[in-house]
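So the protein sequences, as listed, match chains A and B. Note that my numbering has the first sequence beginning at 17, numbered continuously upward. Note that my numbering has the second sequence beginning at 17, numbered continuously upward. Backbone N, C-alpha and C define an ideal beta-carbon position, used for all residues, glycine too. Structure first, then comments.
Number of protein chains: 2
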Amino acid sequence: MEILHERNPDMATLDGDTGREMAEQAVTRSPETQSAHRKEVSPGLRRLATLTSLDEAELIRIAFMAERTQRRVKARSELMREGDPIARPLLILSGWAARMRTLSNGRRQLLSLLLPGDLMGIGRGHQPVALSTIVALTDVAICHLPRQEELDPDSGLAAAYDLSRTLDDHYMLAQIMRLGRLTAYERIADFLLELYERLEPAGVARGGSFPMPLTQELMADAMGLTSVHVNRTLQALRREGVVTIGNSMATLHQPAALAEMVGHRVPIF
Amino acid sequence: MEILHERNPDMATLDGDTGREMAEQAVTRSPETQSAHRKEVSPGLRRLATLTSLDEAELIRIAFMAERTQRRVKARSELMREGDPIARPLLILSGWAARMRTLSNGRRQLLSLLLPGDLMGIGRGHQPVALSTIVALTDVAICHLPRQEELDPDSGLAAAYDLSRTLDDHYMLAQIMRLGRLTAYERIADFLLELYERLEPAGVARGGSFPMPLTQELMADAMGLTSVHVNRTLQALRREGVVTIGNSMATLHQPAALAEMVGHRVPIF
DNA sequence: CGACGCGTTGAATGTTGTCAACATCAGTGG
DNA sequence: CCACTGATGTTGACAACATTCAACGCGTCG
């Protein structure tokens, strides 16, 4: 089994770099301006903007803050360890991370995924503490965002925080359903559907296709299975033409039909 | 399979009755006053008071509000349905409830338990919506509490809301670990340990013993197993002298040793 | 080249689910 | 008071699902 976890990575090393033109671009983004330099907006900011309607001034402030506070983290390093105090909210600008827990005997469970546009540490109360270790699954870019108390309660960002928490909960419940009551086949199908659904607003998924950086072993840790069984189940899904996986990409060929088949549910908001 | 769910019970029927002397008693409660009428405080209020230090004035207000707004709900009825708006926070004064979801084919999963002192609808944002149906597993008494926005942010109750949310999350993560990576034997042991741990501050568990109103089928729904397998696994636990179950009570004989054996973790706060 | 991570495969084993039957008990109504 | 009913717990035989262990291919990277 491969080993994740490498405490204290270069979290504090590199600064800005991709955040360069974010501010202007964020401002530029309006429903009509669909192409051009719009591409350069980070997936995380794009996804954040889909959560609520953010006005121009807010977008500028967020984009600047993202630029100023951006950090890059290498795959496999720990973003956060269980019990750590969380000083300020963090936004995932790009890359994948996950909350995980490991048992003494080595069994490992991925608790929830953190994808571009997801927030960490907007939790609960004034002294939030990480409830689980967070590991970067790919190279990840993150930035700080204002604490909830610093926000105008009626601002778009405050609403985005609220919605983000609700979605977190929704996906935790989905995870519980998967692990408790779905077969391996259904779990994987449901999981892939969720990935597509969550990546799409970040602008990194289109037409049923999305990046799939997870190894089969990590998928196994996410689904409470072994990597061998994930492998065999993926083969079944491929054989049936449901999905194509390879080259770090996945494609769902009949998302709607598949969702129907495995009873996949989308968030109700 | 037994059918839960009975939409719209007599939620709106009976009023106060056990809440009679709550106010005085709540006030009376101080570390020294251990016995006497103290017994009459509802498990839910007792548990709530253990979450943070509530000053006298706060206790009085809460106890009065509990008395004024108390409702009783019969076992098997729905307290709330997925998608319902949640007008105000609810506190469980006594009895057990659960968040559950059912799949089209009848498979059912208990997502999380709600025990005396647990809160519902302190969720997220200003327009919280129930993410899952909530079913009363036993007869339940509930009451309203103030909305977070109505509280002094520095009050003990606000702190209790924060802590309650954190604990909710903790127990959801525990549920994910159980379902994803524990064997049936470990799941049940871990679950029983959690029950004891959560019921103790409500004053309804002592010396390893606690009320156990769940049928084996409900335990199965909680643990992602079948009732037949729960039955067999419970027999193993009994045979090994780990637990005694019967007469709607359960007793753990070596909680500490059991926790060690199955790697059970307690909340870190 | 060698080491390593990752995906793949086969065979054997283990765990959990399914189906069906029966025991017990509490409650219900004749 | 008894027969009936329904919910719950229990058991056995069997099937299905998932894990384990071990091995190998393939590509990447140093």
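With contact defined as three or more Cβ pairs closer than 8 Å, the stretch 153-165 of chain A and the stretch 77-94 of chain A are in contact.
For the 9 Å CB-CB criterion, Leu250/B and Gln232/B form a contact. Checking the DSSP bridge columns, you'll see Ile150/B partnered with Met96/B, Arg115/B.
Inside the stretch 199-254 of chain A, DSSP marks whole alpha helix (DSSP H) runs of 4 or more residues at positions 200-215, 232-239, from first to last along the chain.
Taking a beta-carbon distance threshold of 9 Å, Pro144/B counts as an interface residue toward chain A.
Per DSSP, Ala157/A is one residue of the beta strand (DSSP E) stretching across 156-160. Counted as a single uninterrupted DSSP element, the alpha helix (DSSP H) harbouring Thr66/A occupies residues 59-67. If you draw a straight line from the Cα of Leu230/A to the Cα of Gly196/A, it comes to about 22 Å. Taking C-beta atoms as the reference points, Gly111/B and Ala152/B count as a pair closer than 9 Å. In the DSSP assignment, Ala176/A falls within the alpha helix (DSSP H) that extends over 172-197. If you look at Leu274/B, you'll find it in the alpha helix (DSSP H) that goes 271-278. Distances from the CA of Ala114/B to each of Arg92/B, Ser120/B, Asn121/B were compared; the closest alpha carbon is that of Arg92/B.
Against chain B, the beta carbon of Gly240/A has neighbours under 7 Å at Leu195, Gly196, Arg197, listed in chain order. Around Pro105/B, the same chain offers Leu135, Met136, Gly137, Ile138, His160, Leu161, Pro162, Arg163, Gln164, Tyr177 as residues with beta carbons nearer than 8 Å, after the five sequence neighbours per side are excluded.
When only Cα atoms are considered, Met96/B and Ala275/A end up about 26 Å apart.
Among the CB atoms of chain A, one or more fall inside 9 Å of the CB of Leu147/B. For Ala266/A, the uninterrupted beta strand (DSSP E) segment begins and ends at 265-268.
With contact defined as three or more Cβ pairs closer than 8 Å, the stretch 203-222 of chain B and the stretch 202-217 of chain A are not in contact.
Below 8 Å, enough C-beta pairs join the stretch 197-213 of chain A and the stretch 264-279 of chain A to call them touching: three or more. Leu131/B carries a coil assignment under DSSP once its states are collapsed to helix, strand and coil. For Glu202/A and Leu173/A, the gap between their C-alpha atoms comes out near 35 Å.
When secondary structure is reduced to three states using DSSP, Gln164/B falls in the helix class.
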